[in-house]
Amino acid sequence: MVKKVKAETMKSLLEIYGESCKERIARGVEQAACFWKKKDGTDKEFKKFCEENFLDFSDKEVLQKILQKAEEYWEAVNGCFTKMMLGLLKNIHLETGEITQLDKLFSQFSPMAHLEEDLFENKIAFFFLLNFPSFSLEEKEKFGKSWSRQEWALASIGDMFSSRVPAELYQKINKAMVEAEEYISKYNISLANLTGGKDNDEPCFPKSEKKLQSHWGLRDEIKELYGEEQGGLKKQSALFKVMERIIKQEIPQEVINNSSKDFSWNPFTNETKGISSTPEPDERYSKWLSVFKSISKADRYAFGHSNYIDVNFEKQMKISEKEITDLLIELLSSSQFKSVGKLISKRLKRPLKPWDIWYDGFGVTESSEILDKVVVEKYPNLETLKKSVPEILMKLGFTKEVASYLADRIEIEPARGCGHAIGAEMKSEKSRLRFRMTGGKINSNEFNVFMHELGHNVEQNFTLQKMDSYFLRGVPNTAFTEAFAFVFQSRDREILGLKPSSNLKDEKTLSNFWSACEIAGVALVDIGVWRWLYLNSETTPKEMKGAVVKITKDVWNTYFAKVFGVEDEVALGIYSHAISFPLYLPNYPLGKIIAFQIEKYMENKNLGAEMERMCGAGNISPQFWMKNAVGEKISCQPMLEAVDEILKKIG
Ligand SMILES: [Zn+2]
Numbered sequence: 002m003v004k005k006v007k008a009e010t011m012k013s014l015l016e017i018y019g020e021s022c023k024e025r026i027a028r029g030v031e032q033a034a035c036f037w038k039k040k041d042g043t044d045k046e047f048k049k050f051c052e053e054n055f056l057d058f059s060d061k062e063v064l065q066k067i068l069q070k071a072e073e074y075w076e077a078v079n080g081c082f083t084k085m086m087l088g089l090l091k092n093i094h095l096e097t098g099e100i101t102q103l104d105k106l107f108s109q110f111s112p113m114a115h116l117e118e119d120l121f122e123n124k125i126a127f128f129f130l131l132n133f134p135s136f137s138l139e140e141k142e143k144f145g146k147s148w149s150r151q152e153w154a155l156a157s158i159g160d161m162f163s164s165r166v167p168a169e170l171y172q173k174i175n176k177a178m179v180e181a182e183e184y185i186s187k188y189n190i191s192l193a194n195l196t197g198g199k200d201n202d203e204p205c206f207p208k209s210e211k212k213l214q215s216h217w218g219l220r221d222e223i224k225e226l227y228g229e230e231q232g233g234l235k236k237q238s239a240l241f242k243v244m245e246r247i248i249k250q251e252i253p254q255e256v257i258n259n260s261s262k263d264f265s266w267n268p269f270t271n272e273t274k275g276i277s278s279t280p281e282p283d284e285r286y287s288k289w290l291s292v293f294k295s296i297s298k299a300d301r302y303a304f305g306h307s308n309y310i311d312v313n314f315e316k317q318m319k320i321s322e323k324e325i326t327d328l329l330i331e332l333l334s335s336s337q338f339k340s341v342g343k344l345i346s347k348r349l350k351r352p353l354k355p356w357d358i359w360y361d362g363f364g365v366t367e368s369s370e371i372l373d374k375v376v377v378e379k380y381p382n383l384e385t386l387k388k389s390v391p392e393i394l395m396k397l398g399f400t401k402e403v404a405s406y407l408a409d410r411i412e413i414e415p416a417r418g419c420g421h422a423i424g425a426e427m428k429s430e431k432s433r434l435r436f437r438m439t440g441g442k443i444n445s446n447e448f449n450v451f452m453h454e455l456g457h458n459v460e461q462n463f464t465l466q467k468m469d470s471y472f473l474r475g476v477p478n479t480a481f482t483e484a485f486a487f488v489f490q491s492r493d494r495e496i497l498g499l500k501p502s503s504n505l506k507d508e509k510t511l512s513n514f515w516s517a518c519e520i521a522g523v524a525l526v527d528i529g530v531w532r533w534l535y536l537n538s539e540t541t542p543k544e545m546k547g548a549v550v551k552i553t554k555d556v557w558n559t560y561f562a563k564v565f566g567v568e569d570e571v572a573l574g575i576y577s578h579a580i581s582f583p584l585y586l587p588n589y590p591l592g593k594i595i596a597f598q599i600e601k602y603m604e605n606k607n608l609g610a611e612m613e614r615m616c617g618a619g620n621i622s623p624q625f626w627m628k629n630a631v632g633e634k635i636s637c638q639p640m641l642e643a644v645d646e647i648l649k650k651i652g
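Per this note's numbering, the sequence shown starts with residue 2, numbered consecutively.
Here's what the structure looks like:
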């Protein structure tokens, strides 16, 4: 829109509403004009819209009334759409028997795809843009110190409309992500076909029926093998070789998702028998690149953000890329990383191998069979578990009253996938706890996931039901809800009535630290790849493969090589999230850092009362949230100090 129209509109509003509104008028008109297109109306109509819709908030009563109404409207919109989404995905999410074609069709129906554009077309979006200025992360950090709760709520409304992406582009982005997810979901490797024993033809996993998905399944199998005395190492190295072949796309495409018993593949030599062998044609990078290309097309519709990296950190995570990167580097450059590596090497009685980034031997206690028995005895079926939720919450430290309040608002359902928690977006609805049960029973792993999801559900209820403003519901970003989920998950033994062995807490700290370092490296690779993509947006899948391999090696050589004693490893590039969840990975190390700070603070305090207090802050900036929660900013120091103390104790 031409400057003249904006200036005339501002002048007119200033005449009507007076100097006291000057700043809001300037920001509001600028914001609204930025999104106003020809199809929304003529310049004259724009001016008229602003004159008719601007509100003078110096009258506190006007503001109060508008906020109350706006809360009701948005709760109706978000709450009903969430409820509809749950209905449409019910048979995909829940264990309801065979998935029919009808289930698939309804699951792909996305009634929200046009919502944003509809809100612009009927001018609701312009009403909010005109009346509620958006603040940059920097401004929030600067002004937030003196903001009242209402001012935080106003700033949060200001964040609601920061882009106007055409619905067709949303659909393209969605399509690229769904295709990437499908690619990953069908990426299974059958262990029975892997060879590479002593004489190269011996099966590595004789008689195994396992089909493992990359990367989760492969990684978790490597973790489990630490418990195996004989041959565990050889099997781990075979799985690791499979990962390398995937990252470098040398894997024969014929072996992917092929569980026929008539062939074998030796990942060490990359030879196949009984099947032809053509390297996978850079499909991994082609899918990843499609996601980047569709998402980066939306950059030009984002207001105040230069690209998706900026949107991801400044808008979604609300923490700058630099702040996150500094935290990750602090962890990885610490002397503790090296010392814990030495400790692991001592325990394994061998030099570290690159896959020991997934070392899982900290604080091993009972075997999983014994734990499974404890869980089945305590919770023989879903009904017993459901009835026990108030008791579980009371054991965690919630009062009887709060525990039953929360339990009444959590619906527990058996899921198809490994588990998830979905919060309600309206107060009359319950949040959903979904977790997997095998054959109608619950095993110890599934119970552990149940506890994780319960942490999410409790957070979701506190931050919706008890929040002082609907616009401040939730937590600052995903890492915070993950932090509460980790806190609950780590108390599963307590709930099962198992005595913690004296050193288990220390072992858990070491384990958390080690996995935080691993995922910090993975997150740095993810960020590095996105930076490279923006510099090379016309790239090809083949070229991108070379870049990803180089970036993973660089991160490895800078931070991991000195701990592991080997260079040029590519293991950090195996994560599947990187392909279908753009820039999601940095949430994990941040969640681990935050969770540790929260856990540490809660030592000798009541988890129930503290969690309710912390959640009360809602969706404000992460650093303010953290200061309110534990009295300091987000920091690796508490974790590093704790590791240091343990290392001194162990000697
Ligand atoms: Zn979670």
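In this text, a Cβ means the ideal position worked out from N, Cα and C, and glycines have one as well. Just so you know, these numbers come straight off a predicted model, no measurement behind them.
Cβ pair count under 8 Å reaching 3, the region 451-463 against the region 414-426: yes
- request: Say yes only if the C-beta of HIS457 is nearer than 7 Å to one or more non-hydrogen atoms of ligand 1, and no if none qualify.
  value: yes
task: State the beta-bridge partners of PRO280 as determined by DSSP.
output: PRO253
message: Would VAL30 and THR43 qualify as a contact pair, given that the criterion is a beta-carbon distance under 8 Å?
response: no
message: Going by DSSP in three states, PHE436 sits in which element: helix, strand or coil?
response: strand
query: According to DSSP, which residues form a beta bridge with SER389?
result: Note: SER389 sits in no beta bridge, so no partner.
field: Coarse secondary structure for TRP217, derived from DSSP in three states
entry: helix
task: Classify GLY424 as helix, strand or coil using the three-state DSSP reduction.
output: coil
query: Got a sec? Which residues, its chain only, sit under 7 Å from PHE264 by beta carbon, not counting five neighbours each side?
result: ASN194, THR273, LYS274, GLY275, ILE276
message: Going by beta-carbon coordinates alone, are VAL530 and TYR576 separated by less than 8 Å?
response: no
- prompt: Which full runs of the alpha helix (DSSP H) of 4+ residues lie inside the region 17-43, going along the chain?
  reply: 23-36
- request: Tell me whether GLY621 sits in a helix, a strand or coil according to DSSP, three-state version.
  value: Per the sequence shown, residue 621 should be read as Ile rather than Gly. Coil.
task: Using three-state DSSP, classify ARG266 as helix, strand or coil.
output: The sequence as given places Trp at residue 266; Arg does not occur at that position. Looking at TRP266 - three-state DSSP - the assignment turns out to be strand.
- prompt: Under 8 Å between the Cβ atoms of VAL488 and SER445?
  reply: no
query: Less than 7 Å between the CB of ALA486 and some heavy atom of ligand 1, yes or no?
result: yes
field: Whether PRO204 touches LYS319 by CB criterion (8 Å)
entry: no
task: Look at the Cβ atom of PRO134, then the Cβ atom of GLY98, and state whether they are nearer than 8 Å.
output: no
message: Distance check for ILE358 and ARG220, CA to CA, integer angstroms please.
response: 10 Å
task: On a CA-only basis, which of ILE17, GLY19, LYS38, ARG433 is nearest ALA408? Give me that one, please.
output: ARG433
message: On the criterion of 16 or more Cβ atoms from any shown chain inside 10 Å, does GLU46 qualify as buried, or is it exposed?
response: exposed
- request: Compute the beta-carbon to beta-carbon distance between GLY233 and TYR227, rounded to the nearest angstrom, for a pair I have assumed lies under 8 Å.
  value: 7 Å
query: Is it a yes or a no for the region 591-599 touching the region 379-387, going by three-plus beta-carbon pairs under 8 Å?
result: no
- prompt: Under the rule that 16 or more other beta-carbon atoms within 10 Å means buried, what is ASN588, buried or exposed?
  reply: buried
Environment of SER186 [buried if 16+ CB atoms lie within 10 Å]: exposed
query: Taking Cβ positions, are SER491 and PHE363 nearer each other than 8 Å?
result: no
- request: Say whether the region 329-344 touches the region 562-574, bearing in mind that this needs 3 or more beta-carbon pairs closer than 8 Å, one atom from each stretch.
  value: yes
message: Less than 6 Å between C-beta atoms, sequence neighbours within five positions excluded: which residues of the same chain meet that for LEU64?
response: PHE58
- request: Please look up how many angstroms separate the CB atoms of VAL556 and ILE248, rounded, as I've assumed it's under 8 Å.
  value: Rounded, the Cβ-Cβ distance is 13 Å, inconsistent with contact.
Residue burial classification, PRO268 (beta-carbon count within 10 angstroms, cutoff 16): buried
Proximity winner among TYR309, PHE110, LYS428, relative to GLU72 (alpha-carbon distances): LYS428
task: Using the Cα positions of VAL549 and PHE82, report the straight-line distance between them to the nearest angstrom.
output: 38 Å
task: Leaving aside the five residues before and after GLU322 along the sequence, list all residues of the same chain whose C-beta is less than 6 Å from its C-beta, in chain order.
output: PHE314
Cβ-Cβ distance between ARG474 and GLY619 below 8 Å: yes
message: I'd like to confirm something about GLU483: is its beta-carbon nearer than 7 Å to some heavy atom of ligand 1, or not?
response: yes
query: Cβ-heavy atom distance between HIS453 and ligand 1 below 7 Å?
result: yes
- prompt: Any idea if LYS141 is buried or exposed, counting beta-carbon neighbours within 10 angstroms, 16 or more meaning buried?
  reply: buried
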